[in-house]
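Heads up: the sequence lines are chains F and H, in that order.
Mapped onto this note's numbering, the consecutive letters of the first sequence carry residue numbers 118 to 427.
Mapped onto this note's numbering, the consecutive letters of the second sequence carry residue numbers 1188 to 1432.
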Amino acid sequence: MRILQPGITLIEDSGRFGYQAFGMATAGACDSYAYRLGNVLVGNQGGEASLEFALMGPTLEFEEEVTFALTGGDFTPTLNDQPIPLWHSCKAGPGDTLALGGVVSGRIGYLAVAGGIDVPVVMGSRSTYLRGRIGGLDGRALHKGDVLPVGTGSIGTPGRQLDDEYIPFYPTEIAATVVLGPQDDWFTERGIATFLGSTYEVTNSSDRMGYRLQGEAIQHVKGADIISDGIPLGAVQVTGDDQPIIMLADHQTTGGYTKIATVVTPDIPKVAQASLGSLIRFQAISVREANEAYRQYEERMKRAAWHLED
Amino acid sequence: MYSEPRFLPAGDQALVMELGDTFEEACSMAIRSLVASIRAEQVPGVTETIPSYRSILVLYDPMVSGFDVLVQALSSLFSRLDVHAAPKGDVLVVPVLYGGEVGPDLPFVAEHAGMSEEQVVAVHASRDYLIYMLGFTPGFTYLGGMDERIATPRLERPRERIPAGAVGIAGKQTGIYPIDSPGGWRLIGLTPMRLYDPHRDPPILPSVGGYIRFRRIDGNEFGAIAAQVERGEYQPEVIRQGGAT
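Structural data, given as structure tokens:
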């Protein structure tokens, strides 16, 4: 396929794992729910690279017969000027133009294609990691005129439509479930109560590394600086200004700020889809409940896939 | 270092195993042994570990093991750990061209230390630096044990672009920039070697618990090594101090 207008678009897969001990961020799709279901819709095995676009989608021309699906945020897609649905796989051929606009619901969208976007694998993944300048197309965002190879050997599964029950909607008021810790003991009781009791607004200092939020100050006991340690996906870091940042796909592997809590995996997609000005409220569950909720989330993902593969 | 590790939840797929509340060499040794034994014993559910100064972030798959199961497995592993039996980490030799154009802050560091440039280089290249942690960017090492006589405050205004391979000092720390990046470290030299090369196996040479030794080279040797690196023929010098990890 050929890129006519790039939007803000990267090539991402499920991420680059195994090198975090060496300072290498995983990168990978920010909204793994929409990304994974995109691959199921087009009949991929899983793990194939897709296009990920934020705020502004690309316009592209297909140069081959292809089965594709759009998932995630709504970028008002058209195929040859005709509106097409999301969470649905369809066929396109040489010369067909897929046009996406600015996002009207959510923040991030995915274009999955049967066979995947076939760029070289670097350190076990095709994901673009901008800071490390690797993956995707020369480690960069897409440009006008780029031609992307599509994996061959798969004709795909056009005509699949995700059941309504599995289609997320993207509200501007979000409840994000967290597990408190690892450094919740660095905050006063009042600080924890503020964190769990008030709402935080998504600011424009938000990107694939993390979303910076603004709201009532979260009181530390004695400052925000800890001896640097490892950072998991979803960590809610509270920096010296007592404001939270939620760490996302491109987050650094280590850092020296207190982490009050961690957003649980099933809620990362919701957070990733939060648009500018959205309000986030945090609710805490225990780690045992979170482990169980993760298993249920994976079961649900499996059911969604079974429905499609029927 | 604590007598028993603390286990802290870090969401539904990670936990922190904290061994102490300060950074000390003993803690780092224990962390290195633990990471090695987690890998050797293939603790069920563990997918990756991120060691740091005083703790390990253990990433896991909750479909295989939950928090409680892992705490039990890792506690048991810790109780069986013989830190003193662990071999010392390997030394990675990093050739450095000091001063001149590639080390523009060497004169300042020397003046600040009340030494000659020669003496600063001699002090900097005189010891092995323990790699406590990697982070910040791929392959960036947090090294311990620099001689405090050459400690120098950071630049007040960071440079916009520091080339990959630059060797610098910031406060009591020394380190190497693995990729071009902005930064405020005082630059004293440059290595022609690539600590990070995504297309090489292994892509990142330094690892936690190992050591870095800086070896002074001259312009001729720099050119020769740079040419070898360019051709993909450079063999980094690694000194083994014990068994494999």
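Beta carbons: idealized from backbone N, C-alpha and C, even for Gly.
Could you compute how far the alpha carbon of residue i sits from the alpha carbon of residue j?
i: residue 151 (chain F); j: residue 261 (chain F); result: 25 Å
i: residue 196 (chain F); j: residue 219 (chain F); result: 16 Å
i: residue 363 (chain F); j: residue 320 (chain F); result: 11 Å
i: residue 223 (chain F); j: residue 1320 (chain H); result: 37 Å
i: residue 1207 (chain H); j: residue 1394 (chain H); result: 21 Å
i: residue 441 (chain F); j: residue 1203 (chain H); result: Past the boundaries of the shown model lies residue 441 (chain F); chain F is included only from 118 to 427, so the question cannot be answered.
i: residue 169 (chain F); j: residue 179 (chain F); result: 17 Å
i: residue 205 (chain F); j: residue 189 (chain F); result: 11 Å
i: residue 226 (chain F); j: residue 1357 (chain H); result: 42 Å
i: residue 1250 (chain H); j: residue 333 (chain F); result: 36 Å
i: residue 1210 (chain H); j: residue 174 (chain F); result: 47 Å
i: residue 1371 (chain H); j: residue 1341 (chain H); result: 5 Å
i: residue 1281 (chain H); j: residue 1227 (chain H); result: 29 Å
i: residue 202 (chain F); j: residue 290 (chain F); result: 25 Å
i: residue 1290 (chain H); j: residue 1330 (chain H); result: 19 Å
i: residue 288 (chain F); j: residue 148 (chain F); result: 15 Å
i: residue 275 (chain F); j: residue 194 (chain F); result: 17 Å
i: residue 414 (chain F); j: residue 383 (chain F); result: 6 Å
Does any residue of chain F have a CB that is nearer than 8 Å to the CB of residue i?
i: residue 1391 (chain H); result: yes
i: residue 1378 (chain H); result: no
i: residue 1432 (chain H); result: Reliability fails at residue 1432 (chain H), whose pLDDT of 43 lies under 50, so the model's placement of it is uncertain and the value that follows must be treated cautiously. Taking Cβ atoms only, chain F never reaches closer than 8 Å to residue 1432 (chain H), which makes this a no.
i: residue 1330 (chain H); result: no
i: residue 1320 (chain H); result: yes
i: residue 1413 (chain H); result: no
i: residue 1206 (chain H); result: no
i: residue 1240 (chain H); result: yes
i: residue 1195 (chain H); result: yes
i: residue 1426 (chain H); result: no
The beta strand (DSSP E) that contains residue i, what's its start and end?
i: residue 1257 (chain H); result: No beta strand (DSSP E) contains residue 1257 (chain H), which is instead part of the alpha helix (DSSP H) from 1254-1266.
i: residue 347 (chain F); result: 342-347
i: residue 1399 (chain H); result: 1398-1403
i: residue 208 (chain F); result: 206-209
i: residue 1359 (chain H); result: Looking at the DSSP string, residue 1359 (chain H) is not in any beta strand (DSSP E), and its letter there is neither H nor E.
With a cut-off of 8 Å on the beta carbons, I'd call residue i and residue j a contact; round off their distance for me.
i: residue 1364 (chain H); j: residue 1276 (chain H); result: That pair is no contact at about 22 Å.
i: residue 1386 (chain H); j: residue 1339 (chain H); result: With 8 Å as the limit, residue 1386 (chain H) and residue 1339 (chain H) do not qualify as a contact, their Cβ atoms being about 35 Å apart.
i: residue 1264 (chain H); j: residue 1303 (chain H); result: The Cβ separation is near 50 Å, so there is no contact.
i: residue 304 (chain F); j: residue 336 (chain F); result: 6 Å
i: residue 1376 (chain H); j: residue 1283 (chain H); result: 4 Å
i: residue 131 (chain F); j: residue 142 (chain F); result: Contact flag wrong, Cβ pair sits at about 14 Å.
i: residue 1239 (chain H); j: residue 263 (chain F); result: Actually they are not in contact, since the Cβ atoms of residue 1239 (chain H) and residue 263 (chain F) sit about 38 Å apart, beyond 8 Å.
i: residue 349 (chain F); j: residue 1246 (chain H); result: 7 Å
i: residue 1268 (chain H); j: residue 1217 (chain H); result: 7 Å
i: residue 293 (chain F); j: residue 380 (chain F); result: 5 Å
i: residue 271 (chain F); j: residue 232 (chain F); result: 4 Å
i: residue 1379 (chain H); j: residue 1412 (chain H); result: 4 Å
i: residue 355 (chain F); j: residue 341 (chain F); result: 6 Å
Applying a beta-carbon distance threshold of less than 8 Å, which residues of chain F neighbour residue i?
i: residue 1235 (chain H); result: 134, 135, 137, 138
i: residue 1246 (chain H); result: 137, 349
Contact criterion: CB-CB distance below 8 Å. Does residue i meet it with respect to chain H?
i: residue 129 (chain F); result: no
i: residue 408 (chain F); result: yes
i: residue 345 (chain F); result: yes
i: residue 415 (chain F); result: yes
i: residue 306 (chain F); result: no
i: residue 328 (chain F); result: no
i: residue 299 (chain F); result: yes
i: residue 249 (chain F); result: yes
i: residue 334 (chain F); result: no
i: residue 405 (chain F); result: yes
By the criterion of Cβ-Cβ separation under 8 Å, what are the contact partners of residue i in chain H?
i: residue 355 (chain F); result: Per Cβ cutoff of 8 Å: no residues; residue 355 (chain F) is ~15 Å from chain H at best.
i: residue 400 (chain F); result: The premise fails here: residue 400 (chain F) is roughly 14 Å from chain H at the closest Cβ pair, so nothing lies under 8 Å.
i: residue 296 (chain F); result: 1196, 1197, 1198, 1199
i: residue 146 (chain F); result: Those do not exist, as residue 146 (chain F) stays about 16 Å from chain H at its closest Cβ, beyond 8 Å.
Counting only Cβ pairs nearer than 9 Å, list the residues of chain F close to residue i.
i: residue 1326 (chain H); result: 139, 140, 141
i: residue 1337 (chain H); result: Chain F residues near residue 1337 (chain H): none, gap ~23 Å exceeds 9 Å.
In the DSSP assignment, the alpha helix (DSSP H) including residue i goes from what residue to what residue?
i: residue 1295 (chain H); result: 1293-1300
i: residue 416 (chain F); result: 404-426
i: residue 1409 (chain H); result: 1406-1418
i: residue 156 (chain F); result: 149-158
i: residue 1224 (chain H); result: 1212-1228
i: residue 1310 (chain H); result: 1304-1311
By the criterion of Cβ-Cβ separation under 7 Å, what are the contact partners of residue i in chain F?
i: residue 1277 (chain H); result: None at all; the shortest Cβ gap to chain F is about 15 Å.
At 7 Å on the CB atoms, spell out the chain H contacts of residue i, in chain order.
i: residue 370 (chain F); result: 1237, 1322
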